[in-house]
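Notes follow once the structure below has been shown.
In mature numbering (1 follows the signal peptide of the UniProt record, and there is no 0), the protein residues as written are -20 to -1, 1 to 271.
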């Protein structure tokens, strides 16, 4: 009887683990599907209609360094006929163990006409997604960087090498979010003191940096060697959101970039933070974009 009970408990535990893994993989696929549907709808209609359909009601779009409500911003745009086309596709996606918050990134291309075969501009996009109460995935924030290169389109989307595991212990999301905000502000204070845009010790081994007109910096080894040139940076925090499991979060804000010669450009930042060891926040994606 004791053996039978032990086996039943073991099987129940394994089944629960398999169900959780299956659920996470399904949620991951749904988020990727939403990103692809977003891009497909932009091709079918236009950029305005696509953003109105796929952005969350509280979604953010950056404009000239300011964070604005994306729905209100696009609703205010005129309904003009245009044949231009913003194309993009995800090559990477990752999400919280609670399956409610995730992010994607990949190449983007801008065509002046949907019949053109050569883009007039290219770069990388980064998007944060959140599952809504009705189960739909909506885009919370989107920020891109320009980078002139030739992209080969692919349908493959990579997973994180260190996916997050579900924890049995409950978390205090409010407390965790307050701690994450304090960490982002602490990091900003250190950066502003140095007029820098990054410090390697804050990054995950899978960390990634996206900067305007530069190839992505991939992995902690490359980040340690990265030289950002003769620029000065000044950051200010705006907002943050933490997953229900408090193991993934994003922060965003403003960046004043002082170029050689004294010219100042108003930009924005997004940082994706992740608790890969269940206790320490590390930056997994760091984007500075100008819009």
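Heads up, the beta-carbon is just placed ideally off N, CA and C, and yes, glycines get one too.
May I ask you to list the residues that DSSP assigns as paired with residue 46?
Under the DSSP definition of a beta bridge, residue 46 partners with 43.
For the alpha helix (DSSP H) that contains residue 164, what are its first and last residues?
Here the alpha helix (DSSP H) through residue 164 covers 153 to 174.
Boundaries (first-last residue) of the beta strand (DSSP E) holding residue 248:
Element bounds for residue 248: 244 to 255.
Assign residue 70 to buried or exposed, taking buried as 16 or more other Cβ atoms, counted over all protein chains shown, within 10 Å of its Cβ.
It counts as buried.
Suppose contacts are defined by Cβ-Cβ distances below 8 Å. Is residue 76 in contact with residue 227 by that definition?
When the beta-carbon positions are compared, residue 76 and residue 227 come within less than 8 Å of each other.
If we count the other Cβ atoms within 10 Å of its Cβ and call it buried at 16 or more, is residue 293 buried or exposed?
Outside the modelled stretch of the chain, which goes from -20 to 271, sits residue 293, for which no answer is possible.
Excluding the 5 residues preceding and the 5 following residue 194 in the sequence, name in chain order all residues of the same chain whose CB lies nearer than 8 Å to its CB.
By the criterion of a C-beta distance shorter than 8 Å, residue 194 is surrounded in its chain by 125, 127, once the five residues flanking it on both sides are discounted.
Is the beta carbon of residue 39 closer than 8 Å to that of residue 114?
The answer is no: Cβ separation not under 8 Å.
Cross-strand partners of residue 222 (DSSP beta bridge):
Residue pairing by DSSP places residue 222 opposite 229 in a beta bridge.
So residue 123 packs on residue 248, CB below 8 Å; how close in whole Å?
Beta-carbon to beta-carbon, residue 123 and residue 248 are separated by about 6 Å, close enough to satisfy the 8 Å threshold.
Within the stretch 110 to 159, note down every full beta strand (DSSP E) run reaching 3 residues or more, in order along the chain.
Every beta strand (DSSP E) stretch that sits fully inside the stretch 110 to 159 and reaches 3 residues is listed by chain position as 117 to 126.
Going by beta-carbon coordinates alone, are residue 109 and residue 83 separated by less than 8 Å?
Contact: yes.
From the DSSP secondary-structure annotation, give me the bridge partner or partners of residue 188.
Residue 188 is bridged to 198.
Using a Cβ-Cβ cutoff of less than 8 Å, which residues in the same chain neighbour residue 90 once the five nearest sequence positions on both sides are dropped?
Here the set comprises 64, 65, 66, 67, 99, 100, 101, 102.
As assigned by DSSP and simplified to three states, the class of residue 206:
It is coil, neither helix nor strand.
Is it the case that the stretch 145 to 165 contacts the stretch 222 to 237, given that we only count it when at least three CB pairs across the two stretches are under 8 Å?
The stretch 222 to 237 makes contact with the stretch 145 to 165: 3 or more CB pairs, one atom from each, lie closer than 8 Å.
Find out if the Cβ-Cβ distance for the pair residue 54, residue 18 is shorter than 8 Å.
No, they are not a contact pair.
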